[in-house]
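Have a look at the structure below before the remarks.
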Amino acid sequence: MSAVELVEIEKSFGATAVVKKLSLEVKEHELLALLGPSGCGKTTTLRMIAGLERPDTGVIRLAGAVVDQGSTFVQPERRGLGMVFQSYAVWPHKSVFENVAYPLQLRRDGDVEARVMEALGWVRLSALAQRRPHELSGGQLQRVALARALVGRPKVLLLDEPLSNLDVALREELRGEIASLRAKLGTTMILVTHDQGEALALADRVAVMNKGVIEQLAAPDVVYREPATPFVAGFVGGANVIEGDVRDGRFVTGSDSFAVTASQSGPTTLVVRSEDIVIGSEGTPLTLQAKLFLGSTTEYRFTLGTNVLRVTGPSIEGLKPGSTASVMMKAVRLFPR
Amino acid sequence: MKRALPFAVALIATVFLPLGVLLLKSGSPTTWVSLWISPEAMRALSGTALSSFGASLVALAFGLPFAWLVTRSNIAGVRALQTVVTLPSAIPPYIWTMGWIALANPKSGWLTLVIGKGHLDVYGLGGIAFVLGTSALPLVVLSTSAALKRIDPSLEEAARLSGASAAKTFLSVTLPLITPAAMSGAALVFVFASASFGVPYLLGVSANPPTPTLTTRIYSEVLMGETGLSRAAVLSVELLLLAVFVLGANAWLAKSGRVRLPRGKGLGQKVVALGRWRLPVSIGAWTMAVAIILLPLGAVFLTGLQPTWGQWGSFTLKHWTVVMQGRTLEAAGVSLGLAALAAVLVGVFGLLIALTKQRWLETLADAPSAIPGTVLALALLVTFSRDLRFIAFEKVAFVLAIGNTFWLLLLSYVVKHLALGVRSSSDSLAQADPTLGEAARLSGAGRVRAFVDGILPQVRGALTGAVLLTFLTVVSELTMSVLLIPTGSDVLGTLLFELQSYADPASAAVIASALLLIVLAALIVQNLVTRRAEAR
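Structure below.
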């Protein structure tokens, strides 16, 4: 049985369709990431699962039970979910302890104190239980939010861009904590993020969304290695996405062409990762536009027709903007248009 | 600093020195105890405290639901309702009082006759609190709905996800978060009510038993001349201390409450769909708004159209001839002239003070707005009037010779409303982009020219608003005018007040109606101007 199931969900705000015929199943104990650029409909999808928005059409089931379909609507507080918001949403008029205790008090569960302290222990905040929110840092606030969302042992934890308000170091720290909490508690989680690194590092499966539809739903390494569409390739891993034509076994764009192994010909989109391109003596001669030193690697930007071809690799002495070098593509993916 | 000094000296000479004089006038240590806690003083103090506290409760009771409904619900006619519930801020409280007297006086009020005699009496403490509370409604509505708009929606969503129902979420999250704003709105209502003169005078003096407040008591003492003056001074100091105490307590509570509203993402609040409750709630809210706000205004209009006071159902225009009488025209001319002059001076001095960029000077210029009008007027009176002059200032008062002239009245209007000009200027200057002025300088403009071309256009909108508001407030001002008006002259406020309380309520209603029409016209113009500015 799926923990969460969406069947042909549609949602529009005014004239703009935000989510289009979206179907999705989240398995129990799984961490599924909804990954995509802003405005792709990922947060709206999450909010519909939470019951904070209602779809125009479609069915939502939690653990097999319908929570939203036509006139059937289960209020958010009756869905047994936990949620962490991008803006923390820690209540400023309650202490850390009171924030985390709130869900338990509403359910009149016993043993509130012990369970709150246990949850605060999970996020290493036991010492700060009596603090007020305005005395805490952003990272600590988000840990409070995490403890509050988990203290009632929800069936599913919804995470809406939980790390994007934090600076880089804190983000990595909290990312590790989410992973270890998941290992400890086994909670099903849905993570909404625009950060591909976050999605790839944490998720069992990644759903890459664009313009209201899921373009690919697969394990992180599959999404990375075998992108199903040019959009996925471009968004995950930042591959070069170049439009052109395949003619006589060569991919042609502008006045440049590359040898490719292709069965079909005609208008084609070529996708190649920057690290899968070699600069050397063989291949197509291209003009270097710019050279960016990135630390462990160097990025070269070549002019390719009206496009820019990005190549990363070790620094090459003597290769300066304006000079020409031969470029060869090792692994390309072709998508007929 | 150098540029700030003349303003500081002027403010000290016209506000703070007179307050000091007033304090000295309040008696010597030997007479203090007997004056300060005399039974009359205590009765006036408790009248003010009780009616102001009552007004705060009334404003909260109506203001909180209205604030929520206009900011968060899909109630029918939400924009119109918002306009209606904030209307009282533009209309002087004594006009509401006149309406309520026509509606709910115990003998011939329209509502009294509908309900049956013996149930309604607008005179006395309860009536004062109710009328002051409803006419101060916008103070609570505006501060509370600003807080409601500022709450991050995810704070409430987090409560829903934690298992709280919509009602429980409102009680445990929304309400605590808007409480500080509602409380400071209520504190402002208290200060506004305690400083009010027209309402407690019209409803308190002829009540049975008479209900004195500090402001009405001060007025009566001043009318007695020199003998009543030290008693009036004592009551003034008590009134001032009460205002300072309430504002101070509110500031302290706000600080110790430690509730800071985090800024939301600017997501915009989600409107709560009332569903099947929409119709009954809309009807209930609109009925309430009409009853407490539009009905008394309608009663004022109708009073001016009745042949005999209290005779409902027949109409005449004969009272409207009062508008064309010499005394009315003269009072209107004085009021319009003084209001225009005061408004312009508030704008100019406000801008100049804000331009010095000295915080202490801005605070100094802000302070008079918190001083009850009665206290400020009395301080000016004892300091500058030749009849009531304080001995050390005899020479100054003689040289200035502004006692018993319109200049003293103008001075009181300007210092009392100066805060409007200073605050709007300094807020918009803080937001103005200085590089526009700097670009003008580098294009060859001089300092003044660069200010006029680069900075002034960015400040103009807010400043115009402050000038217009000052004009509207001053044109119908009563509290300070009754104390400072030169003998034998009138402004609209004092003329209205005299007609209503002694001679001719129908003529008073006509003048009030004319005043209302002017205010409504000004509001419509202002609305059109802002809308056009928004459209651009």
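Those protein sequence lines, which keep their order, are chains A and B. Each residue of the first sequence is one higher than the one before, starting from 1 at the first, in this note's numbering. Each residue of the second sequence is one higher than the one before, starting from 338 at the first, in this note's numbering. For every residue, glycine included, the Cβ atom is placed at its ideal position computed from N, Cα and C.
Kindly indicate which residue of the options has the alpha-carbon position closest to the one of residue i.
i	options	result
residue 77 of chain A	B:428, B:506, B:481 and B:409	B:506
residue 278 of chain A	A:245, A:303, A:314 and A:270	A:314
residue 166 of chain A	A:151, A:153, A:187 and A:140	A:140
residue 428 of chain B	B:519, B:766, B:757 and B:633	B:633
residue 340 of chain A	A:30, A:54, A:29 and A:37	Summary: the structure shown does not reach residue 340 of chain A, with chain A confined to residues 1 through 337, and so no result is reported for it.
residue 443 of chain B	B:624, B:436 and B:459	B:459
residue 287 of chain A	A:261, A:262 and A:321	A:321
residue 196 of chain A	A:154, A:37 and A:85	A:37
residue 69 of chain A	A:281, A:9, A:186 and A:189	A:9
residue 642 of chain B	B:685, B:846, B:811 and B:686	B:846
residue 317 of chain A	A:337, A:147, A:306 and A:291	A:291
residue 410 of chain B	B:809, B:363, B:611 and B:562	B:611
residue 617 of chain B	B:348, B:374 and B:406	B:406
residue 769 of chain B	B:392, B:790 and B:781	B:790
residue 371 of chain B	B:413, B:383, B:394 and B:571	B:571
residue 92 of chain A	B:515, B:852 and B:829	B:515
residue 413 of chain B	B:445, B:638 and B:619	B:619
residue 639 of chain B	B:657, B:625 and B:623	B:657
I'd like to check one pair, residue j with residue i: are the Cβ atoms closer than 8 Å?
i	j	result
residue 818 of chain B	residue 831 of chain B	yes
residue 465 of chain B	residue 388 of chain B	yes
residue 546 of chain B	residue 591 of chain B	no
residue 229 of chain A	residue 274 of chain A	no
residue 24 of chain A	residue 207 of chain A	yes
residue 551 of chain B	residue 584 of chain B	no
residue 241 of chain A	residue 234 of chain A	yes
residue 390 of chain B	residue 629 of chain B	no
residue 621 of chain B	residue 804 of chain B	no
residue 431 of chain B	residue 536 of chain B	yes
residue 796 of chain B	residue 838 of chain B	no
residue 149 of chain A	residue 123 of chain A	no
residue 504 of chain B	residue 89 of chain A	no
residue 675 of chain B	residue 746 of chain B	yes
residue 361 of chain A	residue 271 of chain A	This structure does not reach residue 361 of chain A, given that chain A is present from 1 up to 337, and the question cannot be answered.
residue 433 of chain B	residue 395 of chain B	no
residue 567 of chain B	residue 364 of chain B	yes
residue 698 of chain B	residue 345 of chain B	yes
If residue i sits next to residue j, beta carbons under 8 Å apart, how far is it from one beta carbon to the other, in whole angstroms?
i	j	result
residue 833 of chain B	residue 849 of chain B	6 Å
residue 826 of chain B	residue 799 of chain B	Going by Cβ atoms, the distance from residue 826 of chain B to residue 799 of chain B rounds to 34 Å, so no, they are not a contact pair.
residue 231 of chain A	residue 243 of chain A	So it is not a contact: roughly 13 Å between Cβ atoms.
residue 807 of chain B	residue 702 of chain B	The Cβ separation is near 14 Å, so there is no contact.
residue 143 of chain A	residue 163 of chain A	With a Cβ gap of about 11 Å, residue 143 of chain A and residue 163 of chain A do not count as contacting.
residue 751 of chain B	residue 682 of chain B	5 Å
residue 714 of chain B	residue 820 of chain B	4 Å
residue 548 of chain B	residue 457 of chain B	Residue 548 of chain B to residue 457 of chain B, Cβ: 17 Å. No contact.
residue 257 of chain A	residue 285 of chain A	The pair is not a contact, with the Cβ atoms about 11 Å apart (cut-off 8 Å).
residue 212 of chain A	residue 18 of chain A	6 Å
residue 691 of chain B	residue 580 of chain B	Not really, about 25 Å apart at Cβ, beyond 8 Å.
residue 862 of chain B	residue 672 of chain B	Not confirmed; about 19 Å, so no contact.
residue 130 of chain A	residue 97 of chain A	6 Å
residue 491 of chain B	residue 408 of chain B	So it is not a contact: roughly 17 Å between Cβ atoms.
For residue i, would you say it is in contact with chain D, using Cβ-to-Cβ distances shorter than 8 Å as the test?
i	result
residue 37 of chain A	Within the model displayed, chain D is absent; protein chains A and B are what it includes.
Contact between the region 509-523 of chain B and the region 115-132 of chain A (3+ Cβ pairs under 8 Å): Because the criterion of three Cβ pairs below 8 Å is not met, the region 509-523 of chain B and the region 115-132 of chain A do not touch.
Cβ pair count under 8 Å reaching 3, the region 761-781 of chain B against the region 714-723 of chain B: No, they do not touch.
Interfacial residues, the region 80-110 of chain A to chain B, with Cβ spacing under 7 Å: Within the region 80-110 of chain A, the qualifying residues are 81, 82, 83, 85, 87, 89, 91, 92, 93, 102, 103, 106 and 107.
Residues within the region 479-500 of chain B neighbouring chain A, beta-carbon criterion of under 8 Å: Flagged, chain order: 489, 491, 492, 494, 495, 496, 497, 498, 499 and 500.
Under 7 Å (Cβ pairs) to chain B, residues found in the region 211-229 of chain A: For the region 211-229 of chain A, the beta-carbon criterion of a distance under 7 Å to any beta-carbon of chain B is satisfied by none of its residues.
Stretch-stretch touch, CB-based, cutoff 8 Å, three pairs: the region 326-334 of chain A with the region 287-298 of chain A: Counting Cβ pairs under 8 Å, fewer than three are found: no touch.
At least three beta-carbon pairs within less than 8 Å, the region 433-453 of chain B to the region 34-54 of chain A: The region 433-453 of chain B, when compared against the region 34-54 of chain A, does not touch it at the 8 Å Cβ threshold.
Contact set between the region 50-71 of chain A and chain B, restricted to residues whose Cβ is under 7 Å from the partner: Contact residues of the region 50-71 of chain A toward chain B are 50 and 52 (C-beta to C-beta distance below 7 Å).
Against chain A: residues of the region 510-524 of chain B by CB proximity under 7 Å: Going along the region 510-524 of chain B in chain order, one finds 510, 513 and 514 with a Cβ nearer than 7 Å to chain A.
Three CB pairs or more closer than 8 Å across the region 61-73 of chain A and the region 473-487 of chain B: Segments in contact, no.
Given 8 Å, three or more beta-carbon pairs between the region 13-32 of chain A and the region 173-188 of chain A: Touching, yes.
Any 3 or more C-beta pairs closer than 8 Å across the region 99-110 of chain A and the region 495-506 of chain B: Counting Cβ pairs under 8 Å, three or more are found: they touch.
Interface residues of the region 4-22 of chain A facing chain B [CB-CB below 9 Å]: Going along the region 4-22 of chain A in chain order, one finds no residue with a Cβ nearer than 9 Å to chain B.
Residues in the region 800-828 of chain B having any Cβ partner in chain A nearer than 8 Å: Correct list: empty, as no residue qualifies.
Interface positions of the region 138-151 of chain A facing chain B (Cβ-Cβ less than 8 Å), listed along the chain: Of all residues in the region 138-151 of chain A, 145, 148 and 149 have a Cβ within less than 8 Å of some Cβ in chain B.
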